[in-house]
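Undergrad:
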Amino acid sequence: RHPTVALILDNIKQQKLNLLGEGWWFNELRTTLYPSSEGEIYVPFNTISFYPEVNTYTERNRKVYNTSTGSYIHTEPIKCKIVEDLEFEELPYYAALVIQERSAQLAYVKDYGVESAIEVMQKKEQEAWFALNQEHLRNKRYNSLQNRRAFRFMRALRG
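Letter by letter, the sequence shown follows residues 512 to 670 of my numbering.
1. Tell me which residue opens and which closes the beta strand (DSSP E) that T542 is part of.
2. Expressed to the nearest angstrom, what Euclidean distance is found between the alpha-carbon atoms of Q616 and N522?
3. Closest to I593 by CA distance: which of E638, P563, I519 and E551 is it?
4. Quick check: the segment 577-589 against the segment 553-562, are there 3 or more CB pairs under 8 Å?
5. Go ahead and pull the three-state DSSP assignment for F664.
6. Locate the beta strand (DSSP E) running through V594, then write down its first and last residues.
7. Within a Cβ cutoff of 6 Å, which residues of the same chain sit near L544, ignoring the five residues on either side of it in sequence?
8. Measuring alpha carbon to alpha carbon, tell me which residue in Y568, L602, S582 and L608 is nearest F537.
9. Grab me the residues of Q633's own chain with a C-beta within less than 7 Å of its C-beta, minus the 5 sequence neighbours each way, in chain order.
10. Less than 9 Å separating the beta-carbons of L528 and A606?
11. Tell me whether V566 sits in a helix, a strand or coil according to DSSP, three-state version.
12. May I ask which residues mark the beginning and end of the alpha helix (DSSP H) holding V516?
13. Is Q526 near V620, with beta carbons less than 9 Å apart?
14. Closest by CA to P546, which one among F561, I629 and I584?
15. Mapping the DSSP letters down to three states, classify F599 as helix, strand or coil.
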């Protein structure tokens, strides 16, 4: 196996975690976690980030820890948002493309240094990033007209 292959695979793994850690429509999950028979709540294994609705909870060693009581024991379920790690093959096309382009750039620069070819790679990565963000906004169904400031602005325009 060529040494660059190992470098690229490591880059892909790191770039995947960097991208997925931001949270996207395809890897954000709102869920309820329930206590086990011992009273402990386990965070799913593939969790990158854990955002409980109540800010006295945090994740420690894949278990939910209550910082106000100093305990891992819970009597009630916890509602939270989880950002999941996914396999590369499970990613939407544009997410995989962003990761691929970023990884290629890193590997190229480490092997050959910075030269004009990197500009072409950066342009491809930016195009993939733009397409991924477009798809994210479409899937999240963000609408600026549902914003209170936009409503007041539109009402002011009408007079």
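The beta carbon of each residue, even a glycine, is placed where N, CA and C say it ideally should be.
TA: Answer, in terms of the structure:
1. E539 to L544
2. Rounded to the nearest whole angstrom, the CA to CA distance from Q616 to N522 is 10 Å.
3. When each option's Cα is compared against that of I593, the closest is P563.
4. no
5. helix
6. I589 to E595
7. I552 and I589
8. L602
9. Q616
10. no
11. The residue you asked about is not Val; residue 566 is Asn in the sequence shown. Correct three-state label for N566: coil.
12. P514 to L531
13. no
14. I584
15. helix
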